[in-house]
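Asks: Sequential numbering of the sequence shown, starting at -5, is according to my numbering. Every residue gets a Cβ at the ideal spot worked out from N, C-alpha and C, and that includes glycine.
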Amino acid sequence: MKKLSIVICTYNREKYIAESILAALNQTVPQEEYQVIVVNNNSKDRTDEICRELMRQHQFDYFVETNQGNSYARNRGIQESTGAIIVFIDDDAMMEPDYVKNLLSFYQTYPNVDAAGGRIYPRYEEKKAEWLSPVLMPLIAALDLGNKPQPFRWGKFPIGANMSFRKQVFEKIGVFNVDLGRIGTNLQGGDEKDVFARMRVDSMSIWYCPNAVVHHIIPASRLEKSYIKRMGIGVGESEYRRTKIIGQQALLVACLKECIKWGVTLAMAFMYTILLQFPKAKMLIQFRGWVSKGLFFNDINLKTT
């Protein structure tokens, strides 16, 4: 058994997948200690060709998952993994060379930690958007909680671009819910939040590991208003889907939380307005509106329990 398995799920990422795979392979620890798994989720571009070409020169495990959806791909990675720790890295995220060494050391130092989220630095292909405030950084999968290992506080979780689990977590609570998460080009999610919520119910420990670092590529297209709008609506729809699967009471709680978030959003927007940072204030309100639209005004039809 390997000490650790790195799972890179990919869909139509021909531009970045080679760099992501090579970053996972070029670690400071011997490759005999860890496994790299690439799961191609029915890519339509040159991703398959690029991965197979890399396999001629490098050792990693490559699979094509024909069931469409990020949750299917992640579950395939879990199924094929041989490591005691399973790491999920996005196909446009690049691990620093000491990532595996640092993460193994972290889990050894904190034997009671069940899952961890690492630091994610954004790597902008163009300039950072002027509307991007700290509260909206998760939209581009960026995370920096400082230099101290610490538990994620209640309601906060690691970001899917850089998260890891002891394999026994999935043996205990189950794998990713295939009714949640991104499918193809849609921007719904909820699959990660669902896993972490199940961990919370089971009193499992979720921590932040500051020196497990990746650099996440942010193309200009991800900062366009149309993309952020789709993402906001997707966030709302995902929360509707996730909570309604649990039951009507969970959905009601989600709706109440959304109303509370509106109060916080308006307060923060007012603060940015006073500071004359109008683009930040405007985007906060717009994004909250898109999330509410996805949560309250969707045509998703699910049975409740």
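Taking the continuous beta strand (DSSP E) assigned at residue -2, which residues delimit it?
Replies: Note, residue -2: beta strand (DSSP E), -4 to 4.
Asks: Does DSSP put residue 21 in a helix, in a strand, or in coil?
Replies: Note: residue 21 maps to coil in three-state DSSP.
Asks: Quick one: what does DSSP say residue 143 is sitting in, helix, strand or coil?
Replies: Residue 143 falls in the coil class under three-state DSSP.
Asks: Provide the residue(s) that pair with residue 158 in DSSP beta bridges, ordered along the chain.
Replies: In the DSSP output, where bridge partners are listed per residue, residue 158 has 81, 110.
Asks: Here's the rule: buried if 16 or more other CB atoms are within 10 angstroms of the residue's CB, otherwise exposed. What is residue 267?
Replies: Exposed is the call here.
Asks: DSSP state of residue 96, grouped into three classes?
Replies: It is helical.
Asks: Compute the distance between the beta-carbons of residue 114 and residue 71, then report whether it is under 7 Å.
Replies: Result no, Cβ atoms of residue 114 and residue 71 do not sit closer than 7 Å.
Asks: At a Cβ threshold of 7 Å, is residue 87 touching chain D?
Replies: Checking the listed chains, one finds no chain D in this structure; it contains a single protein chain.
Asks: How many angstroms separate the CA atom of residue 112 from the CA atom of residue 82?
Replies: Cα to Cα, the separation comes out at about 11 Å.
Asks: Counting C-beta neighbours from all protein chains within 10 Å, is the total for residue 152 16 or more, i.e. buried, or is it exposed?
Replies: Residue 152 is buried by the Cβ-count criterion.
Asks: In the DSSP assignment, the alpha helix (DSSP H) including residue 35 goes from what residue to what residue?
Replies: Here residue 35 belongs to no alpha helix (DSSP H), and DSSP marks it neither H nor E.
Asks: Return the chain-ordered ranges of every beta strand (DSSP E) run that is complete within the segment 181 to 237 and spans a minimum of 3 residues.
Replies: Fully enclosed beta strand (DSSP E) runs of 3 or longer: 200 to 212.
Asks: Residues in the same chain with beta-carbon distance under 8 Å from residue 237, minus the five sequence neighbours each way, listed in chain order, please.
Replies: Cβ within range, chain order: 244, 245, 247, 248.
Asks: Check for me: the beta strand (DSSP E) holding residue 57 runs from which residue to which?
Replies: Element bounds for residue 57: 55 to 58.
Asks: Is residue 35 near residue 67, with beta carbons less than 7 Å apart?
Replies: Contact: yes.
Asks: When DSSP builds the beta bridges, which residues end up paired with residue 87?
Replies: Looking at the DSSP assignment, residue 87 forms a beta bridge with 210.
Asks: Going straight from the alpha carbon of residue 219 to that of residue 258, what length do you get?
Replies: Cα to Cα, residue 219 sits roughly 22 Å from residue 258.
Asks: Within 8 Å, do at least three Cβ pairs link the segment 119 to 133 to the segment 51 to 59?
Replies: The segment 51 to 59, when compared against the segment 119 to 133, does not touch it at the 8 Å Cβ threshold.
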